[in-house]
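Numbering (this note's numbering), first residue to last: 175 to 236.
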């Protein structure tokens, strides 16, 4: 995951609208993989955010 170093000064009450976490039921392990995406800012500005997508898989899940 990425730690953003910026912020959005005027959120217009919309921050986090593009965040999502989903369970991957097609991972061959009965849903042991989670996918997460979120917007973040590299510098403080009103628009032009970046997006990070990550997956986490539990090794002891079956």
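For glycine and all other residues, C-beta sits at the position ideal for the given N, C-alpha and C.
Reference residue 185, options 222, 210 and 227, closest by Cα: Here residue 185 refers to the residue found at position 11 when the chain shown is read from its first residue. Considering only alpha carbons, the answer is 222.
Nearest-angstrom Cα distance between residue 233 and residue 196? Here the question's residue 233 lines up with position 59 in the chain shown. Here the question's residue 196 lines up with position 22 in the chain shown. Rounded to the nearest angstrom, the two C-alpha atoms are 17 Å apart.
Give the DSSP-derived three-state secondary structure of residue 209 in the structure shown. In the chain shown, the residue the question calls residue 209 occupies position 35. Note: residue 209 maps to strand in three-state DSSP.
Considering only the beta carbon of each residue, do residue 215 and residue 178 sit closer than 8 Å? Position 41 of the chain shown, counted from the start, is the residue given in the question as residue 215. Position 4 of the chain shown, counted from the start, is the residue given in the question as residue 178. Cβ distance < 8 Å, so residue 215 and residue 178 count as in contact.
Whose CA, out of 181, 182 and 192, lies closest to the CA of residue 227? Sequence index remark: in the chain shown, residue 227 carries index 53 (1-based). Comparing alpha carbon positions, the residue from 181, 182 and 192 closest to residue 227 is 192.
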